[in-house]
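**Student:** Can you read through this structure? Questions will come right after.
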Amino acid sequence: MKFKTILTLVAIALTLGAISIWVGQLSYSWLPPQASVESQLIDNLFSFLVTLGTFILLGVAGTVTYSVLFHRAGRYDLSDGPHIEGNVTLEVVWTAIPFLLVLWIAVYSYQTYIEMSIRGPMEMAHMPMASSIAPALAEPIDESVQPMTNIEVEAKQWAWVFRYPEKNITSTELHLPVDRRAHLVMRSPDVIHGFYIPAFRVKQDIIPQQNIDFEFTPIRTGKYRLRDSQYSGTYFAAMQADVVVESMADYEQWLAEARQKSPSPAFNQAASEYAAREQKSAKAGWATIVPASPPIVNYHP
Amino acid sequence: MTQIAPKKLPIEADSHEELLSWRRYFSFSTDHKVIGIQYIVTAFFFYLVAGIFAMIMRGELITPEPDLVDRTVYNALFTMHGTIMLFGWMFPVLAGFANYLVPIMIGARDMAFPRLNAVAFWMVPVFGIMFILSFLVPGGPAQAGWWSYPPVSVQNPTGQWLNGEFIWLLAVTISGVSSIMGAVNIVTTILRMRCPGMSWFKMPVFVWTVLAAQIIQLFGLPALTAGAVMLLCDLSFGTTFFDPSQGGNPVLFQHFFWFYSHPAVYVMILPVFGIFSEVFPVYARKPLFGYKVVAVSSLIITGLSAVVWVHHMFASGTPGWMRMLFMFSTMLISVPTGIKVFAWVGTIWGGKIRLDTPMLFALGGLINFVFSGITGIMLSSVPIDIHVNNTYFVVGHFHYVIYGAIVFGLYGGIYHWFPKMTGKMYYEGLGKLHFWLTFIGTTLNFLPMHPLGLMGMPRRVASYDPEFAFWNVLASIGAFLLGMSTVPFLINMVSSWIAGKKAGDNPWRAIGLEWLLSSPPDVENFEELPIVIAEPYGYGKSEPLTENMG
Amino acid sequence: MTSIDRALDQEQLEQSKQATAQENEHDEAGNSMFGFVIFLLSESVIFLSFFAGFIVYKTTTSDWLPPGVEGLEVREPAINTVILVSSSFVIYIAERYLHDKNLWGFRFFWLLTMAMGSYFLYGQAVEWQSLKFGFSSGVFGGTFYLLTGFHGLHVFTGILLQGIMLIRSFLSDNYENGQFGVEATSLFWHFVDVIWIILFVLIYVWQ
Ligand code: HEA
Ligand code: HEA
Ligand code: CUA
Ligand SMILES: [Cu+2]
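Chains as they are written, first to last, in my numbering: chain A, 1 to 301; chain B, 302 to 851; chain C, 852 to 1058.
Here's what the structure looks like:
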């Protein structure tokens, strides 16, 4: 009897485990393409948590469903269930196991985090003035070890402007060479914006008047979407840009081409929507901060 | 369900005539039971208002283009939706439950400060109406999200001193004052007004959870108030606390805000844990499994909740060590929470289960809660949060908790205590219909938000890329279904309150002081104070709960 | 549940039966005092938040003082501090007198407390007048006026409460059922005092 119970439990656990692992594998397909080194690390962690989570959810939901199906009171059965107040062993077990699981999740997350070694504003975060006094690229970047693409990002209500300081080029489309670590210095003159490229799984708020350093490594060529992730007012939703990851050769060529072009105003969704709205005689909606005029850049798509 | 209620003699109508008069509910009453119902009904009104905002939002989001409302209107809608849902619906409705049930459950005749109680309640319609009226000021209502992060929140495009954000800050502060008054009252009541024999470990878990939740209000709300005062100064009196161009620090506001608003989520969920703990034993006819541990874990959650707030700021430029520290503290919350979840499962296991409407809602709420808790753990893992922060994944997470667990729990609680509060029985069929509509609507509405977030759709957008359309259409359909689901509920409540069958004192054959009273209870609750001699949840043991009552 | 638990429970039951029944049921003043203490604890978090904000600003802002401001004069505020802190002892004496049913003694020292509190407010007003910066002079000006102003508001409230208690002392039979109002006012006054000490150290001493 006892042995049989254990056997059944093991069988159930194995089945649940198998389903969980399957769902965990499935979870990769819920995410955008893995276009950066970071995205692979994060997806593995996510898949692990999905596996674990599925197991826990199915475990709890399964037990509840079983009870509801098989421990129903008959229609005229007014008796009570057994008077069981608790079970110390069980309670210790179900305190200890989640605790251990949590440790496991935390350690795994920590390792992933370290591997990503995203360079956010980190230590600078609480010294706004200190960091904004420092010139944009004060600290020498160890380019000898690892070549980097240096780009300055300006986020404002409601436009993205990218500047390539070495070539003195500006653009409203972010071009990046594949397989090279990108180093961004991000600034905002007005409110908090968020730099977010889902395909790269990276995100960083841009606190105004600070230089925010940020790094990641794209590994897959293609065109992706950059979105503002920190709500920034009326035209927040329209504050998007394209990110083009291309081979080194294509990138160099793009730089050369862009350099030829003289700066001209780019299309800006917020500015054009605002202009259209102002033209209408019957105004819908309420007063808004006026969008910055369309950025004047060398390159715009 | 009425068929299982043991036949009771009809209560003499005359002694209750005065109690049933509806006029009491529109007066400045100091009876905690009247105030409790006033809270619940008022809160429900604001719930419908904020729900209608959500319907318009989902209408906008059914197509990728911003075509239904202007962007400013959309921004105002989600701001006021979030704000009114939390400050106008969640806190008041929970205060209502606490008001109605706590004094009865601990054997007191009223709250410690009845007049303070009434004043706290009457502030609710005041700030609630302020929120709604702010739609009429020239620049429209606040449009900075319910977090009201500066600098966006202080940009004030109209330049008028009377603007939506100003009213918003004022109303939130009034709400805070009301909540503090309520918290002082409830904590004092629980700690000082217990009847003879009502020792700590004889208190029902609901009382424990309310205590745990109200302690959070006491230490958390003042921080939000401080932040709100500083923001108001920035907005209206020319200071630069949060203005980075003048040496201010906008991230500091985020700390103030989340230092309260994270613990606030436990203010909302804890009493619902209490409702679960009351409902499961009754409809499974078994004692609450591991009662003492469940009770104490509430206070552990209170403690932990004070040290996790930075998990809302992982992408805000938080230093690495802080990210790791708060990641770990956040994850720890799953331990005391898990204890509760497993205890409920243990309670149900092997019981004599009856699927009446309260039980259905509690079971649905439990499953939804575990799901949302797991997505919560994912969010607390910094690398994952870096991807899904400020996306619909977060929106999915918290609507699963707030709607799937909390609102479910509240519905369950309303059905469970409706016979006690009104003396009438609700219509079981309508109740079941309500449950299934709500359950399907919730799943359809909030489940699709998770894939959306994983794909990278930011929250707070009136327009989005066409690739997100499919899941958004599903979510909108679910939302409309959810809106519909309130209709059978309202019909049920109103019609059964007016013309429902008499419920009797204890239709559920439940154990608890409240069930020893008449339905609805007399003004003084207890003729003679009860002397409690047994632990709560004595199912399967047939022992009396008190020395001196029926 | 083990039998030991049960025995313990039984014991607890006996105790709490007696304790809760007699003490709390009609002890309204006790409840009020308890509630008031809880309220003060909660209120202190507002000040703690402001202090935390002050410390963050002070340690991270590069141009802390507004242009043209050298620092704060400490002498006058120090005198002010001494007066406010001593008033805490004076109000205690007043309470003692009330306890001994000496109403005139109570009124005298109570009034003295009020006078000291008012002097404090006056001193602060004079200081504010003489300052070269305003509420909107950067985060320094903002936090300075916010902290001192919010505290001043509490002092003012304290004096108002004291005034009410003083008037009440002339009503007959007023202190028959305990002196909750007086005790609460006095506690509030001590609270306001302690806050000021922290505030003084933060703003004036730590420059
Ligand atoms: C109202 C109730 C409520 C509750 C109860 C919770 C519970 C939790 N929440 Fe949630 N949360 C919100 C409401 C709530 N949340 C809201 C409103 C927001 C967004 C606000 C906004 O941005 O507007 C939010 C946002 C939010 C974030 C920020 C995301 C972001 O903005 O980037 C995070 C990150 O850590 C988080 C985590 C958690 C965790 C870890 C829990 C835990 O408490 C969950 C614990 C429960 C379980 C884990 C399940 C049961 C346990 C077991 C079965 C044991 C075994 C389990 C394991 C070992 C994993 N929540
Ligand atoms: C208690 C909290 C609570 C509750 C219950 C809900 C309920 C709902 N919320 Fe929630 N929501 C929040 C709290 C809550 N929300 C918060 C805090 C935010 C964040 C805001 C921010 O970003 O600042 C948010 C944001 C939010 C968004 C994201 C907006 C954005 O980021 O752009 C969306 C989008 O779908 C949404 C949808 C819904 C829906 C469809 C419901 C549904 O459950 C609502 C169901 C509707 C009803 C129950 C009423 C329907 C009534 C009728 C249809 C009329 C019938 C009338 C009569 C019969 C008289 N909410
Ligand atoms: Cu632009 Cu946020
Ligand atoms: Cu949180």
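From the three backbone atoms N, C-alpha and C, an ideal C-beta is built for every residue, glycine too. Bear in mind that the values here come from a model prediction, so they are computed numbers and not experimental data.
What's the call for Ile6 of chain A, buried or exposed, on a 16-neighbour Cβ count within 10 Å?
**Tutor:** So Ile6 of chain A counts as exposed.
**Student:** For Ser777 of chain B versus Met726 of chain B, is the C-beta spacing smaller than 8 Å?
**Tutor:** No, Cβ-Cβ distance for Ser777 of chain B and Met726 of chain B is not below 8 Å.
**Student:** What three-state label does DSSP hand His300 of chain A in the structure shown?
**Tutor:** DSSP places His300 of chain A in coil when its eight states are reduced to three.
**Student:** Based on the DSSP output, what are the partners of His183 of chain A in its beta bridges?
**Tutor:** The partner list for His183 of chain A (beta bridge, DSSP) reads A:Asn150 and A:Glu215.
**Student:** Using the three-state DSSP reduction, which class does His193 of chain A fall into: helix, strand or coil?
**Tutor:** Of the three classes helix, strand and coil, the one that applies to His193 of chain A here is strand, per DSSP.
**Student:** Just to confirm before moving on: does the CB-CB distance between Phe901 of chain C and Leu1011 of chain C stay below 8 Å?
**Tutor:** In this structure, Leu1011 of chain C does not lie closer than 8 Å to Phe901 of chain C by Cβ.
**Student:** Mind checking Lys853 of chain B: buried by the 16 CB within 10 Å criterion, or exposed?
**Tutor:** In the structure displayed, chain B extends from 302 to 851; residue 853 of chain B sits before or after that span and is not available.
**Student:** Kindly indicate if chain B contains any beta-carbon less than 8 Å away from that of Ala241 of chain A.
**Tutor:** By this cut-off, Ala241 of chain A is not an interface position.
**Student:** Starting from the C-beta of Trp809 of chain B, find all residues in its chain whose C-beta is less than 6 Å away, skip the five residues before and the five after it, and write them out in chain order.
**Tutor:** For Trp809 of chain B, where only same-chain residues beyond five positions count, the Cβ hits under 6 Å are Val583.
**Student:** For Val290 of chain A, which of helix, strand or coil comes out of DSSP?
**Tutor:** Val290 of chain A falls in the coil class under three-state DSSP.
**Student:** Expressed to the nearest angstrom, what Euclidean distance is found between the alpha-carbon atoms of Leu935 of chain C and Gln209 of chain A?
**Tutor:** Between Leu935 of chain C and Gln209 of chain A, the C-alpha separation is close to 42 Å.
**Student:** Is any non-hydrogen atom of ligand 4 found closer than 7 Å to the C-beta of Val688 of chain B, if you look at the structure I gave you?
**Tutor:** A quick correction: the sequence has His, not Val, at residue 688 of chain B. No; taking the cut-off as 7 Å, the Cβ of His688 of chain B has no heavy atom of ligand 4 nearer than that.
**Student:** When every heavy atom of ligand 1 is checked, does at least one fall within less than 7 Å of the C-beta of Tyr567 of chain B?
**Tutor:** True, at least one ligand heavy atom lies under 7 Å from that Cβ.
**Student:** For Tyr110 of chain A, go through chain B and note every residue whose CB falls closer than 7 Å to its CB, in chain order.
**Tutor:** The contacting residues are Met625.
**Student:** Chain C partners of Asn550 of chain B, CB-CB under 9 Å?
**Tutor:** Here the neighbours are Gly904, Val907, Tyr908, Thr911, Thr912 and Val990.
**Student:** If you measure from the CB of Ile385 of chain B, is any heavy atom of ligand 1 nearer than 7 Å?
**Tutor:** No, the beta carbon of Ile385 of chain B sits no closer than 7 Å to any heavy atom of ligand 1.
**Student:** Is the region 443–457 of chain B touching the region 552–563 of chain B in the sense that three or more CB pairs, one from each, lie closer than 8 Å?
**Tutor:** Result yes; three or more Cβ-Cβ pairs closer than 8 Å.
**Student:** Check the DSSP bridge columns for Arg163 of chain A and list the partner residues they point to.
**Tutor:** For Arg163 of chain A, which the question treats as bridged, DSSP gives the partners A:Glu152 and A:Thr170.
**Student:** Using a Cβ cut-off of 7 Å, which residues of the region 143–165 of chain A contact any Cβ in chain B, in chain order?
**Tutor:** Flagged: no residues at all.
**Student:** Buried or exposed, going by whether 16 or more other CB atoms sit within 10 Å of the CB of Ala199 of chain A?
**Tutor:** Buried.
**Student:** Looking only at its chain, what residues have a beta carbon closer than 7 Å to the beta carbon of Ala241 of chain A, apart from the 5 residues adjacent to it on each side?
**Tutor:** Once the five neighbours on either side are set aside, the close Cβ partners of Ala241 of chain A are Trp160, Thr172, Glu173, Leu174 and Leu226.
**Student:** Determine whether the Cβ of Phe542 of chain B lies closer than 8 Å to any Cβ atom of chain C.
**Tutor:** By this cut-off, Phe542 of chain B is an interface position.
**Student:** Report the rounded CA-to-CA distance for Ala35 of chain A versus Gly757 of chain B, giving the unit in angstroms.
**Tutor:** The alpha-carbon atoms of Ala35 of chain A and Gly757 of chain B are separated by roughly 13 Å.
**Student:** Scan the region 415–497 of chain B and note each continuous alpha helix (DSSP H) run of 4 residues or more that stays entirely inside, going in chain order.
**Tutor:** Runs found: 415–434 and 465–493.
**Student:** Kindly list the residues whose CB is nearer than 6 Å to the CB of Gly989 of chain C, restricted to its own chain and excluding five residues on each side of it in sequence; keep chain order.
**Tutor:** Within the same chain, Gly989 of chain C has close Cβ partners Pro917.
**Student:** Can you name, in chain order, every residue of its own chain whose Cβ lies under 6 Å from the Cβ of Ser1037 of chain C, other than the five neighbours on each side?
**Tutor:** Ile942 and Glu946.
**Student:** For Met129 of chain A, I'd like the list of residues in its chain whose CB is within less than 8 Å of its CB, leaving aside the five on either flank, ordered along the chain.
**Tutor:** Its pLDDT being 35, under 50, Met129 of chain A is placed unreliably by the model, and the measurement read from it follows with that caveat. If we look at Met129 of chain A and ignore the five residues flanking it on each side, it has no Cβ neighbours.
**Student:** Using a Cβ-Cβ cut-off of 8 Å (strictly less than) and excluding sequence neighbours within five positions of Thr373 of chain B, which residues of its own chain qualify?
**Tutor:** Excluding residues within five positions, the ones whose Cβ falls inside 8 Å are Gly441 and Gln444.
**Student:** Going by C-alpha distance, which of B:Tyr340, B:Ala421 and B:Gly647 is nearest Ile481 of chain B?
**Tutor:** Taking only the C-alpha atoms, the option nearest Ile481 of chain B is B:Ala421.
**Student:** Which of the three DSSP states, helix, strand or coil, is assigned to His71 of chain A?
**Tutor:** Of the three classes helix, strand and coil, the one that applies to His71 of chain A here is coil, per DSSP.
**Student:** Take Ile296 of chain A and list the residues in its own chain whose beta-carbon comes closer than 6 Å to its own, dropping the five residues that flank it on each side.
**Tutor:** For Ile296 of chain A, where only same-chain residues beyond five positions count, the Cβ hits under 6 Å are Pro263 and Pro265.
**Student:** When you compare the CB positions of Val642 of chain B and Val671 of chain B, do they come within less than 8 Å of one another, or not?
**Tutor:** Yes, the Cβ-Cβ distance between Val642 of chain B and Val671 of chain B is below 8 Å.
**Student:** From Ile516 of chain B to Asn690 of chain B, what distance separates their C-alpha atoms?
**Tutor:** C-alpha separation (whole angstroms): 29 Å.
**Student:** Quick one: Cα of Lys842 of chain B to Cα of His83 of chain A, how far?
**Tutor:** Cα to Cα, Lys842 of chain B sits roughly 6 Å from His83 of chain A.
**Student:** Please confirm whether Thr149 of chain A and His183 of chain A have their CB atoms less than 8 Å apart.
**Tutor:** In contact: Thr149 of chain A and His183 of chain A (Cβ atoms closer than 8 Å).
**Student:** For the region 90–108 of chain A against the region 624–634 of chain B, are there 3 or more C-beta pairs whose distance is under 8 Å?
**Tutor:** They touch, by the three-pair rule.
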